[in-house]
Amino acid sequence: MNTAVRDSLSKVPQVTFGFWLIKILATTLGETGGDAVSMSMNLGYLVSTAIFMGIFVAAVLMQIAAKKFHPFVYWVTIIASTTVGTTLADFVDRSLGIGYLGGTIMLVALLIASLFAWYKSLGSIDVGSVHTPKAEGFYWLTIMFSQTLGTALGDWTADSAGLGYTGAALIFSGLLAVVALAYFFSSISHTLLFWAAFVLTRPLGAVVGDYLDKPAASGGLEFSRYTASGLLLVAIVLLIVVIPQRAAEKSH
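Just so you know, we're using the numbering used here here: the sequence shown kicks off at 112 and counts up by one.
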C-alpha cells in the first residue's frame with residue numbers, strides 16, 4: 112500500500128453489511144460471555160466488570176498504539192467492550208438497585224454526553240475521523256457507553272416491558288430496518304444513523320444472547336453459556352477471515 116493511500120485511511124473498519132453482521136454476533140457473544148463469567152462462574156457482576164474492564168482498557172491501548180487498522184485487534188476490542196457492557200449494566204441495574212429503566216435513562220445521558228463532548232472537542236463524530244489518539248479515546252468511550260446502554264435497554268424491553276426475548280428481538284430488528292431505510296431513502300445524517308444502528312445492534316444481541324442461554328421456562332433455549340459463547344466466537348473469527356476487512360477512509 113502506498114503512503115498516500117495509507118494516510119487516507121482510518122483505524123476502524125469500513126461500514127458494510129459484513130461489519131453489521133459481525134457486530135451483532137459480537138454483541139451476542141458479549142451477553143453470553145459476560146453472563147458466563149458473572150453467573151456461571153459465580154464471580155458476580157462487580158468482579159466480572161473489573162476483569163472485563165481491564166481487558167477492554169488493554170485492548171483499547173493496543174488499538175491506539177497500532178499504526179494502522181488491524182481487524183482482529185479491532186474486533187477483540189469490540190468484544191471486550193460488549194462483555195464489560197453486559198456485566199457493568201447488570202451491576203448498575205441489579206446490584207445497585209437502579210433498575211432497568213433507571214439504568215437505561217442514565218446510560219442514554221452518558222452516551223449523549225460522550226458524543227457531545229467528542230463533537231465539541233474535535234468537530235466530528237464520524238467514524239472516518241477516528242485516526243488520532245484523542246479521537247480514538249472518544250470513539251471507544253462512546254462505544255462502551257453504547258454497549259452498556261444496549262444491555263440495559265434489551266433487558267428492560269424483554270423483561271420489564273414483558274415482551275419476551277422474541278418480541279424484543281423483533282422490535283429491535285424492526286428499528287434497525289427503519290434506520291437502514293432512512294440511510295438509503297432519506298437525507299438524515301449518515302453519521303447519526305450509524306450511531307443509532309450501533310446502539311440498536313447491542314440490545315438486539317443482548318436479547319438474542321439471553322434467548323440462547325436462558326432456561327426454557329423463561330422462554331430461552333437453555334444452551335450452555337460456554338457452548339453458545341464458543342460457537343459465536345468461532346462464527347466471528349470465520350467471518351473476519353472470509354469477509355474483506357478494509358479500513359474506513361478518513362473524513363476531511
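Note that beta-carbon positions come from the ideal geometry of N, C-alpha and C, so glycine has one too.
Remember, it's a predicted structure, so these values are computed and weren't measured experimentally.
DSSP places P124 within a strand segment (E or B) once states are collapsed to three.
In the structure shown, E142 adopts helical secondary structure according to DSSP, grouped into three states.
Membership of E247 in the alpha helix (DSSP H) is indicated by the continuous run 244-266.
In this structure, L350 lies near I133, with their beta-carbon atoms less than 8 Å apart. In the DSSP annotation of this structure, A328 is not part of any beta strand (DSSP E), being labelled neither H nor E. Rounded to whole angstroms, the gap between the alpha carbons of I162 and S297 is 42 Å. With a threshold of 16 other beta carbon atoms within 10 Å, A317 meets it and is buried. Counting C-beta atoms within 10 angstroms of its own C-beta, T259 has 16 or more neighbours from the protein chains shown and is therefore classed as buried.
Here V238 really is in contact with F305; their C-beta atoms are around 7 Å apart, less than 8 Å. Within the same chain, Cβ atoms closer than 7 Å to the Cβ of W267 are found at Y211, L212, T215, the five residues on either side in sequence being excluded. Sequence-distant partners of L286 (beyond 5 residues in either direction) whose C-beta falls short of 7 Å from its own C-beta, in its chain, are L311.
Taking a 10 Å sphere around the C-beta of A269, we find 16 or more other C-beta atoms and assign the residue as buried. Bridge pairing for A358: P124 [DSSP]. The region 191-200 and the region 141-156 touch, with three or more beta-carbon pairs separated by less than 8 Å.
Looking from the CA of V123, the closest CA among V187, T193, S232 belongs to V187.
Around the beta carbon of E360, a 10 Å sphere encloses fewer than 16 other beta carbons of the protein chains shown; the residue is thus reported as exposed. Annotation: the region 203-239 contains the following complete segments of the alpha helix (DSSP H) (minimum length 4 residues), in chain order: 210-233.
Residue nearest to W131 within the set E333, Y322, A288 is A288 (criterion: CA-CA distance). For W251, the closest alpha carbon among the candidates A272, L342, A169 is that of A169. Boundaries of the alpha helix (DSSP H) harbouring V171: 155-176, taken from the DSSP string. DSSP, reduced to helix, strand and coil, places A291 within a helical segment of the structure shown. Cβ atoms of L264 and P314 come within 8 Å of each other, at about 4 Å.
Distance from the CA atom of V126 to the CA atom of A308, rounded to whole angstroms, is 11 Å. Between the C-alpha atoms of Y185 and F256 there is a straight-line separation of about 17 Å.
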